[in-house]
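Novice: Mapping of the sequence shown onto full-length UniProt numbering: position 232 corresponds to residue 232, and the numbering continues sequentially without gaps.
All residues carry an ideal CB built from backbone N, CA and C; glycine is no exception.
Computed from a prediction, not measured in an experiment: that's the story for all the values here.
Quick one: the structure is below, and I'll ask about it shortly.
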Amino acid sequence: MTDFITTPEGRRIAYNRSAGEGPGIVFLHGLKSDMEGFKALALEAWAQAQGRAFLRLDVSGHGASGGVFEDGAIGDWFEDARAAIRALCTGPQLVVGSSMGGWLALLLARDCPELVAGLVTIAGAPDFTEDGYVAAFTPAQAAALEAQGYVDLPSEYGAPYRITRRLIEEARGRLVLRAPLRLAIPARFLQGTADTAVPVSVALQLFEHAEGADIRLTLVKGTDHRFSDPDDLRLIEATVGEVLSRL
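Structure follows, in structure tokens:
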């Protein structure tokens with residue numbers, strides 16, 4: 001059943017929580033996605049079968065949570081995840097982040113290490129606002145962003161994404177690949193080689209950049225950004241289980 005909390009910043013966040021033993025698992029979804037995706041539901045079912053606590057949530061402007069997507073920014077969504085973990089979880093959690101959720105998970109591990117016992121990213125997209133959007137803007141798109149405060153970008157997942165100037169500018173204070181990124185926890189990065197949204201080069205850059213004694217990158221040949229085929233879902237579960245075994 002979906003429940004709601006209000007964050008200290010006043011945003012209404014939807015979540016589903018399953019009771020179980022700790023450390024619990026927290027799933028963070030991607031940009032313009034939500035907590036009802038294949039990966040979140042499959043991992044929830046796996047966690048329940050293991051008797052493991054599990055939390056999935058929609059950050060503001062996504063899914064069943066309050067707010068408008070175009071008003072949001074990386075920092076807002078980081079605060080949403082942080083507030084949910086603080087309010088709803090006991091002790092440090094294993095945080096699993098998909099795409100943008102991977103960036104949020106890395107921010108949590110870096111800035112709130114007391115909340116994060118382990119980390120798994122799935123097609124993680126750290127710094128995508130700068131390295132994905134800004135780096136690829138045409139002169140016309142850059143001019144539109146400056147003139148009207150937003151630009152509409154095509155998406156293979158449906159309607160265009162409205163990318164705002166606030167999203168771009170606020171994210172510059174949340175970048176994780178431009179300053180030391182110490183992960184003193186088990187960290188696993190999963191990446192498909194057929195991912196056209198987040199190229200393999202991003203996963204390799206993250207792997208090289210992150211500092212820690214227990215960091216591994218797994219490349220899956222032929223898997224795309226959705227990372228949701230049955231074999232992909234089993235790999236996510238196995239990876240989460242392996243990290244849990246180290247905690």
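Going by DSSP in three states, Ala-14 sits in which element: helix, strand or coil?
Specialist: Working through the sequence shown from its first residue, we reach residue 14 at position 14. Residue state, collapsed to three classes: strand.
Novice: Could you check whether Gly-75 and Val-68 sit closer than 9 Å to each other, using their CB atoms as the reference points?
Specialist: On the sequence shown, residue 68 is found 68 positions in, with the first residue counted as 1. On the sequence shown, residue 75 is found 75 positions in, with the first residue counted as 1. Not a contact, by the Cβ cut-off of 9 Å.
Novice: Using the DSSP secondary-structure output, state which residues sit across from Leu-55 in a beta bridge.
Specialist: Taking the first residue of the sequence shown as 1, we reach residue 55 at position 55. Per DSSP, Arg-17, Val-26.
Novice: Measuring CA to CA, which of Leu-233, Arg-166, Ile-122 is closest to Gly-72?
Specialist: Residue 72 sits at position 72 when you count from the first residue of the sequence shown. The option with the nearest alpha carbon to Gly-72 is Arg-166.
Novice: Could you check the C-alpha separation between Ile-85 and Thr-121 for me, to the nearest Å?
Specialist: By one-based count along the sequence shown, residue 85 stands at place 85. By one-based count along the sequence shown, residue 121 stands at place 121. So the alpha carbons of these two residues sit roughly 17 Å apart.
Novice: Compare the C-alpha of Thr-80 against each of Asp-131, Ala-105, Gln-148 and name the closest.
Specialist: Sequence index remark: in the sequence shown, residue 80 carries index 80 (1-based). Sequence inspection shows Asp at residue 80; the Thr mentioned does not correspond to that position. If we check each option's Cα against that of Asp-80, Ala-105 comes out closest.
Novice: Determine the extent of the alpha helix (DSSP H) in which Pro-139 is found, giving its start and end residues.
Specialist: On the sequence shown, position 139 is the one that residue 139 refers to. Unbroken alpha helix (DSSP H) run through Pro-139: 139-148.
Novice: I'd like to know whether the C-beta atoms of His-209 and Leu-175 end up nearer to each other than 9 Å.
Specialist: Counting from 1 along the sequence shown, the entry for residue 209 is found at position 209. Counting from 1 along the sequence shown, the entry for residue 175 is found at position 175. No, these two residues do not count as a Cβ contact at 9 Å.
Novice: Which word fits Phe-54, buried or exposed, when buried means at least 16 other C-beta atoms lie within 10 angstroms of its C-beta?
Specialist: On the sequence shown, position 54 is the one that residue 54 refers to. Result: buried.
Novice: Pull the bridge partners of Gln-191 from the DSSP assignment, please.
Specialist: Here residue 191 refers to the residue found at position 191 when the sequence shown is read from its first residue. DSSP lists Leu-219 as partners of Gln-191.
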